[in-house]
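Position one of the sequence shown corresponds to residue 230 (my numbering), numbered consecutively onward. Idealized CB from N, CA, C, for every residue including glycine. These figures come from a predicted structure and were not determined experimentally.
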Amino acid sequence: MSNAISDTRPDITPSHTSDSVLAPLAVADRCDRCGAQAFVRARMSEGGELVFCGHHGREATPRLISLGAEVRDDTGLIPA
Ligand SMILES: [Zn+2]
């Protein structure tokens, strides 16, 4: 009965999402550098995503942009 070609997988993780808006940062998102709550999300041109806290996000953003990454900066949401 398994005659069908199982090569065409249904949409698991669409690598070509049409929306260019990055998802908002969640409390569960942790800085890749120090593990603090993340407020900056970057999507690399290759498709990978990185999250950073406010401190490391500010530090990394210029380099990420120069690498062609899309950066969402939610540091304005950090409670003062
Ligand atoms: Zn950090």
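Query, Result
"6 Å Cβ shell around A289 - same chain, five flanking residues per side excluded", "F281"
"Terminal residues of the beta strand (DSSP E) in which A289 lies", "Looking at the DSSP string, A289 is not in any beta strand (DSSP E); the run it does join, the alpha helix (DSSP H), is G283 to S295."
"Cα-Cα separation, L251 to E299", "8 Å"
"Exposed unless 16 or more other CB atoms sit within 10 angstroms - verdict on A309", "exposed"
"Option in G276, D258, G277 and E275 with minimal Cα separation from V269", "D258"
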